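What follows is one structure encoded as structure tokens, with my remarks underneath.
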Amino acid sequence: RSSAEEEVAYEYEEEVQEQDKTHVFEVCRKLYKTLSPDSI
């Protein structure tokens, strides 16, 4: 693999991880709102 390909793959992996975190955060926030709608 060339270094350019590795760089692209690395950036793609980081992006996917960021999306994962955001998704998990959204799910948690929805759960939290469902559990205690008054406090938000």
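Going by the working numbering, the first residue of the sequence shown is number 388, and it counts up by one from there. C-beta atoms are modelled at their ideal positions from N, C-alpha and C, and glycine is treated no differently. In this text, all values refer to a predicted model and were calculated from it rather than measured experimentally.
Over what stretch of residues does the alpha helix (DSSP H) that includes residue 407 continue unbroken?
As a first step, residue 407 must be located in the sequence shown, where it is residue number 20. It spans 390 to 422 - the alpha helix (DSSP H) in which residue 407 sits, taken as one unbroken run.
If you draw a straight line from the C-alpha of residue 425 to the C-alpha of residue 419, how long is it?
Numbered from 1 along the sequence shown, position 38 holds the residue referred to as residue 425. Numbered from 1 along the sequence shown, position 32 holds the residue referred to as residue 419. Each residue's Cα considered, the two are about 10 Å apart.
Can you give me the Cβ contacts of residue 389 inside the same chain, cut-off strictly under 8 Å, excluding the 5 residues immediately before and after it?
Mapped onto the sequence shown, residue 389 falls at position 2. No residues qualify anywhere along the chain.
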